[in-house]
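Asker:
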Amino acid sequence: MKDYIKPFVPNVIYPIAQNIYDYLIFSKVRNLTDGKMKPQVYAYINYLAKHSYEYNILEIGAYRGGSTISAAKALKETQSESRVYSFEKQNIEHLTRNINSAGVENFVSVINDEVYSTEYKMPEIIKENAPYSMIIIDADGEIFKYIYLFQEYLIPGSVIVIDDYKPIRPFNRESGGKDYRTYLQTNMLVREGVIDKFRIKRHTFFGTISVDSPDLNIIESKMSDLYAHEEKIRKCEF
Ligand SMILES: C[S@@+](CC[C@H](N)C(=O)[O-])C[C@H]1O[C@@H](n2cnc3c(N)ncnc32)[C@H](O)[C@@H]1O
Numbered sequence: 042m043k044d045y046i047k048p049f050v051p052n053v054i055y056p057i058a059q060n061i062y063d064y065l066i067f068s069k070v071r072n073l074t075d076g077k078m079k080p081q082v083y084a085y086i087n088y089l090a091k092h093s094y095e096y097n098i099l100e101i102g103a104y105r106g107g108s109t110i111s112a113a114k115a116l117k118e119t120q121s122e123s124r125v126y127s128f129e130k131q132n133i134e135h136l137t138r139n140i141n142s143a144g145v146e147n148f149v150s151v152i153n154d155e156v157y158s159t160e161y162k163m164p165e166i167i168k169e170n171a172p173y174s175m176i177i178i179d180a181d182g183e184i185f186k187y188i189y190l191f192q193e194y195l196i197p198g199s200v201i202v203i204d205d206y207k208p209i210r211p212f213n214r215e216s217g218g219k220d221y222r223t224y225l226q227t228n229m230l231v232r233e234g235v236i237d238k239f240r241i242k243r244h245t246f247f248g249t250i251s252v253d254s255p256d257l258n259i260i261e262s263k264m265s266d267l268y269a270h271e272e273k274i275r276k277c278e279f
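Counted the way this note's numbering counts, the sequence shown spans residues 42 to 279.
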């Protein structure tokens, strides 16, 4: 909420007023960007980014900028010198236009590229601007791949935001998609102590990530076993 409004809001209704204010602001961001997350989730990303203002922020999967703008607004509001470094593989014309019209162009760098596998060669701009204190993953459900690649550039205890963390039913025919991979991979990473969960909001997972995590190669092989097991369960249905 803007500082000049705060003195006029009685303490007792302050939290409610703040929630309503956030809802309105981030509904606008969502409408502007055809956003894939709920306004409450954008508001929470903004809140967490305000506490990460000393370091840069990473994002994989900007689309038209909903989460990018929500995080960048926090950097602007805190007069931070940090930026959101955001990967997007599609055409970025619309994304760039939205970032400009939200007035956060000085707080975002878009990397128009696809992070394709664990063999991906990290762009110099990402290496040069490390470390990062927050990573937002909303791409293709390959959570493991992104942690594998970006882990070394994150500070210990960095915030991790993972969208489309949706419990799946084992026999759901839709379960081959992004939600399925996100749910299984995130749970595996929590079980193996790579990520600690602190909140789930509207199917978005919020946690912290440890850089002193176990060997990710071992986790990858466990993940393959898990997929093989899930595949067997799915085949039984048909
Ligand atoms: C669900 S949308 C992101 C929504 C966005 N976070 C928001 O708040 O509206 C996923 C985006 O990730 C991008 N994407 C998927 N896989 C990617 C990859 N490997 N590298 C870069 N971008 C990727 C897609 O092009 C798509 O625009």
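Ideal Cβ placement from N, Cα and C applies to all residues, glycine included.
Put Phe279 into one of helix, strand or coil per three-state DSSP.
Answerer: Model confidence at Phe279 stands at a pLDDT of 44, short of 50, so the residue's coordinates are unreliable and nothing is read from them.
Asker: Measure the Cβ-Cβ separation of Tyr268 and Ile241 and say whether it is below 8 Å.
Answerer: no
Asker: Does the contact criterion of 3 or more C-beta pairs under 8 Å hold for the segment 140-151 versus the segment 173-180?
Answerer: no
Asker: Whole beta strand (DSSP E) runs in the segment 128-178 with 3 or more residues, listed along the chain?
Answerer: 149-152, 173-178
Asker: Excluding the 5 residues preceding and the 5 following Ala93 in the sequence, name in chain order all residues of the same chain whose CB lies nearer than 7 Å to its CB.
Answerer: Residue identity check: residue 93 is Ser in the sequence provided, not Ala. The answer, listed in chain order, is Ser174, Met175, Val200.
Asker: Which one or two residues does DSSP pair with Phe247 in a beta bridge?
Answerer: According to DSSP, Phe247 bridges with Val202, Arg240.
Asker: Output the boundary residues of the alpha helix (DSSP H) element that contains Ile66.
Answerer: 55-74
Asker: The beta strand (DSSP E) with Asn52 in it runs from where to where?
Answerer: Per DSSP, Asn52 belongs to no beta strand (DSSP E) and is neither H nor E.
Asker: Measure the CB-CB distance between Leu190 and Tyr161 and report whether it falls below 8 Å.
Answerer: yes
Asker: Considering only their Cβ atoms, is the gap separating Ile110 from Ala143 smaller than 8 Å?
Answerer: yes
Asker: Mind checking which residues open and close the alpha helix (DSSP H) that includes Ile86?
Answerer: 80-91
Asker: By Cβ distance, which residues of its chain are closer than 8 Å to Met183, with the 5 residues on each side in sequence left out?
Answerer: Just to set this straight, residue 183 is Glu in the shown sequence, not Met. The residues are Arg222, Gln226.
Asker: Arg36: beta carbon under 7 Å from a heavy atom of ligand 1?
Answerer: Since the displayed the chain opens at 42 and closes at 279, residue 36 lies outside it and no answer follows.
Asker: Look at the Cβ atom of Asp204, then the Cβ atom of Met78, and state whether they are nearer than 8 Å.
Answerer: In contact: Asp204 and Met78 (Cβ atoms closer than 8 Å).
Asker: On a CA-only basis, which of Arg243, Glu233, Glu261 is nearest Ser251? Give me that one, please.
Answerer: Glu233
Asker: Tell me the residue span of the beta strand (DSSP E) that contains Glu183.
Answerer: It is not in any beta strand (DSSP E) - Glu183 carries neither H nor E in the DSSP assignment.
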